[in-house]
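Remarks on the structure that follows.
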Amino acid sequence: MPQNGLLRLNERVQIEKQVNEQCETYSSYVAAVTDTTLDLAAPLAKGIFVPFRVGEKIRVVAWPLSFITEVLERQFLPEPVLVVKRPESFSRVQRRRFVRFEERLPLTVQVLEKNDSNEQVVWEAKTETLDISGGGCLFLLERAVSEGTTLEVELFLPEKVVCRAKVTRCCPEDIGEKVRVGAEFTNIKRTDQDRIVRHIFQRQLELRQKGLL
25 MPQNGLLRLN ERVQIEKQVN EQCETYSSYV AAVTDTTLDL AAPLAKGIFV
75 PFRVGEKIRV VAWPLSFITE VLERQFLPEP VLVVKRPESF SRVQRRRFVR
125 FEERLPLTVQ VLEKNDSNEQ VVWEAKTETL DISGGGCLFL LERAVSEGTT
175 LEVELFLPEK VVCRAKVTRC CPEDIGEKVR VGAEFTNIKR TDQDRIVRHI
225 FQRQLELRQK GLL
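Take 25 as the starting number for the sequence shown in my numbering and just add one per residue.
Here it is as structure tokens:
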């Protein structure tokens, strides 16, 4: 993450731009830093460099901060980069801006129930995510759980992340007897949340480089 408002070389970022009235997001990294500019690695989409216009306004997300900047120049040597204005200020990324990424990751879910002043595990299930973001995840269970239910989850990135979550929705699968559960992280360490977001950035970058995203 940016330290004291400064971006580091090779720091993973995401670039957001408007395409046909839609906001598209692309993975990149900081290739160079000067007193007034940043060089951002030119992002790829399906193996093709994404076009950017000189003067175009873009949003750059360097979790957990973001900033609006302007494309000053496109350079192709020694590597393709976008030269943008160095930000004067940052905004904190809001939860609704978390990027949701489809990926199957091992997940252990404990369903908790409050008993007097204590919480106890009612049942436990091992499953995997359908998608994941810094704010929550979607997964399958063999049985339904009520909205608002508190969960203890263990997510493997492969490093383990343990946190509390709250069920936000539960609906039957189109096929089979399992249910699809959406959960929002409610008590998660900032460092663990950062690890999830960095993992997603890295996976997106890998897929874009292969032309699969």
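Every residue, glycine too, gets a C-beta built ideally from N, C-alpha and C.
Please read all numbers here as calculations on a predicted model, not as lab measurements.
Have a look at the DSSP bridge pairing and note the partners of residue i.
| i | result |
| --- | --- |
| Gln46 | Val43 |
| Lys190 | Thr174 and Glu208 |
| Ala56 | Asp63 |
| Gly159 | For Gly159, which the question treats as bridged, DSSP gives no partner whatsoever. |
| Leu106 | Leu64 and Arg98 |
Do the CB positions of residue i and residue j come within less than 9 Å of each other?
| i | j | result |
| --- | --- | --- |
| Val95 | Val108 | yes |
| Phe163 | Leu136 | no |
| Glu10 | Glu35 | With the chain covering 25 to 237 only, the question about residue 10 has no answer from this structure. |
| Leu89 | Phe114 | yes |
| Ile224 | Glu152 | no |
| Val191 | Glu166 | no |
| Ala66 | Phe76 | yes |
| Glu97 | Val78 | yes |
| Ala55 | Glu112 | no |
| Leu181 | Leu229 | no |
Within the same chain, show all residues whose beta-carbon is closer than 6 Å to that of residue i, passing over the 5 residues directly before and after it, in chain order.
| i | result |
| --- | --- |
| Cys194 | Ala168, Val169, Val203 and Val205 |
| Arg232 | Ser51 and Leu68 |
| Val146 | Val135 and Glu137 |
Grab the span of the alpha helix (DSSP H) containing residue i for me, first residue to last.
| i | result |
| --- | --- |
| Asp216 | Arg214 to Gln233 |
Excluding the 5 residues preceding and the 5 following residue i in the sequence, name in chain order all residues of the same chain whose CB lies nearer than 7 Å to its CB.
| i | result |
| --- | --- |
| Ala189 | Gly160, Leu175, Val177, Ala207, Glu208, Phe209 and Thr210 |
| Gly235 | Lys70 and Gly71 |
| Val57 | Leu31 and Leu33 |
| Asp216 | Val185 and Cys187 |
Which first and last residues belong to the beta strand (DSSP E) in which residue i is found?
| i | result |
| --- | --- |
| Lys81 | Lys81 to Ala86 |
| Phe76 | Unbroken run through Phe76: none, as it is neither H nor E. |
| Ala149 | Asn142 to Ile156 |
| Leu181 | No beta strand (DSSP E) holds Leu181; DSSP gives it neither H nor E. |
| Glu94 | Leu89 to Gln99 |
Output needed for residue i: all residues of its chain with C-beta closer than 8 Å, excluding positions within five of it in sequence on either side, in chain order.
| i | result |
| --- | --- |
| Arg227 | Phe125 and Glu127 |
With contact counted as at least three CB pairs below 8 Å, one residue from each stretch, are the stretch 138-158 and the stretch 209-221 in contact? yes
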